[in-house]
Every structure is written in C-alpha cells, then in structure tokens.
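See below for the structure under consideration.
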Amino acid sequence: MSLPKPIGRQKEVLYLPAQGHIAVLGTAGSGKTILAILRAAYLANRKIDHHGKTLLITFNSVLVSYLKHLQEDSIADVVVENYHKFARGYLGCRYRHVVVIDEGQDFSPEMIRSLAKAIPADGSLTFFGDVAQQIYGHRISWREAGLDIKVWEFKENYRNTQQIAKLGPEIANMPYFRGLPDIV
-16 MSLPKPIGRQ
-6 KEVLYLPAQG
4 HIAVLGTAGS
14 GKTILAILRA
24 AYLANRKIDH
34 HGKTLLITFN
44 SVLVSYLKHL
54 QEDSIADVVV
64 ENYHKFARGY
74 LGCRYRHVVV
84 IDEGQDFSPE
94 MIRSLAKAIP
104 ADGSLTFFGD
114 VAQQIYGHRI
124 SWREAGLDIK
134 VWEFKENYRN
144 TQQIAKLGPE
154 IANMPYFRGL
164 PDIV
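The letter at position 128 of the sequence shown is residue 111 when you use the working numbering, and the numbering goes up by one with no holes.
Below, the structure is given as structure tokens:
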C-alpha cells in the first residue's frame, strides 16, 4: 500500500532534526498517524546520515495492526509495536529512534520517561498525540514526563467534516484544558 504524501505543515515535521524530543499535537484527522509512519520511515532511511533502527510505538495492539498494514516493504528498519511489548524487554538492544504515535496522550508519565531513557543521546523521540482524545485521563506535563520538548501543532483537518472540525476547538477551550500550556 502506498502512503500519502505529506502536505502543509506535515512536511516541516517530517524532516525535523533526528535528535532530541519533539511533540506533534493535532486534532483527529490532521494526519498524525500517517505522518508518524512517514517520520519513522525517514528516520530509518539508510540513504540518510542520521538513519537508525526505529521503533514506531503506540498504546494499543489494534493500532499496531493498522500501522503494520500501512507499513511498506521499503521501511524494513521500522519495528511497529505497542508499549506493553516494549516494556517486556522486546527491544533487547537500543534502537536509535523512538516514535510515539496517535495514542501518546494516553501514556502515563512513567511510560514516556521509559521510552525517552531507551534512546541514546544522539537519538530522537517524536510524540504524536491529541489532548482532546484522552481516554484514560492522564494529565501530565512534558517536564513530568522527563522531556525537553519542542511542540508542533496541527490545526488543519484532512478527514473530518466542518461540523466535527469545529467541535474540537470547543472541547479544547473547556475549563479542564485552560491555563496549563505545558499539558500533553
């Protein structure tokens, strides 16, 4: 299956430096999942100086199945797994990059810290999440998760109707989410 080409701000995020911590926050339909697999492919690309084994990680196994379905043969150096398999010692050795996608907002601070500690100093962690889609109610800050983060926001929606797209900001502007700029 051929992955879509990144558009708009997605191109900027795709080619961000391959070192350090990056957070990409966006609404449902903004292309976080597709961009996560494209970013993983970019970080693992053997033709690029910064290439290295890349772990594309998510919270649940249903999303893992979907991502494996999207995964192209050309990105053989990308391992797609859920966090719990990682936590059981699946990595065995240190991959260079870790990409956290889509369900990142549902990771606990401890989970995020463990992922950050799994990468070497010259590696990267890219977090894809949507605070409005929190299922488990983890309200954490980047500092609490042990990350020194640069945040990118996707406000464009490439999938939903205008009515659904208008609902997202209304939810994000609720008192629960106000006044905490460092909240994941």
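Note that beta-carbon positions come from the ideal geometry of N, C-alpha and C, so glycine has one too.
Sort the options by Cα distance to residue i and report the nearest one.
| i | options | result |
| --- | --- | --- |
| N143 | G12, P103 and W135 | G12 |
| T41 | F110, E139 and H34 | F110 |
| I17 | K100, L(-14), V82 and S124 | L(-14) |
| A6 | Y159, A128 and I154 | A128 |
| A101 | K15, P158 and H80 | H80 |
| A27 | D60, Y(-2) and Q54 | D60 |
| S97 | Y66, D85 and D89 | Y66 |
Using the rule of at least 16 other Cβ atoms within 10 Å of the residue's Cβ for burial, across every protein chain shown, is residue i buried or exposed?
| i | result |
| --- | --- |
| N156 | exposed |
| G14 | buried |
| I159 | The question names Ile, yet the displayed sequence has Tyr at residue 159. The residue is exposed, with fewer than 16 neighbouring Cβ atoms inside 10 Å. |
| G35 | buried |
| A104 | exposed |
| D32 | exposed |
What residue range does the beta strand (DSSP E) around residue i cover?
| i | result |
| --- | --- |
| K133 | I132 to F137 |
| F69 | F69 -> not in any beta strand (DSSP E); alpha helix (DSSP H) instead, spanning Y66 to A70. |
| V172 | Residue coverage of the chain in this structure runs from -16 to 167, which leaves residue 172 outside it and unanswerable. |
How far does the alpha helix (DSSP H) with residue i in it extend, from its first residue to its last?
| i | result |
| --- | --- |
| H52 | S44 to L53 |
| L18 | K15 to A27 |
| I40 | Looking at the DSSP string, I40 is not in any alpha helix (DSSP H); the run it does join, the beta strand (DSSP E), is T37 to T41. |
| E153 | Q145 to A155 |
Using DSSP with H/G/I as helix, E/B as strand and the rest coil, what is residue i?
| i | result |
| --- | --- |
| S97 | helix |
| F90 | coil |
| A246 | Absent from the structure is residue 246, since the part of the chain shown begins at -16 and ends at 167. |
| I(-10) | coil |
| L(-1) | coil |
| C76 | For C76, the predicted model reports a pLDDT of 49, less than 50, meaning its position is unreliable; a value from the coordinates is still stated below. Of the three classes helix, strand and coil, the one that applies to C76 here is coil, per DSSP. |
| V167 | Bear in mind that a pLDDT of 49 at V167, under 50, signals an unreliable position, so the model cannot answer this. |
| P158 | helix |
Could you tell me the distance, in whole angstroms, from the CA atom of residue i to the CA atom of residue j?
| i | j | result |
| --- | --- | --- |
| K51 | V62 | 9 Å |
| Y73 | Q146 | Low confidence applies to Y73: its pLDDT is 48, below 50, so where it sits in the model is not reliable, and the reading given next is rough at best. Between Y73 and Q146, the C-alpha separation is close to 42 Å. |
| G112 | G87 | 5 Å |
| L150 | N140 | 12 Å |
| W135 | L8 | 6 Å |
| L46 | V82 | 14 Å |
| R126 | G106 | 19 Å |
| L39 | R(-8) | 21 Å |
| Q2 | R22 | 13 Å |
| F137 | A148 | 12 Å |
Taking 7 Å as the cut-off, is the CB of residue i close to at least one heavy atom of the ligand FAD?
| i | result |
| --- | --- |
| K149 | This structure does not include the ligand FAD; it has no bound ligands of any sort. |
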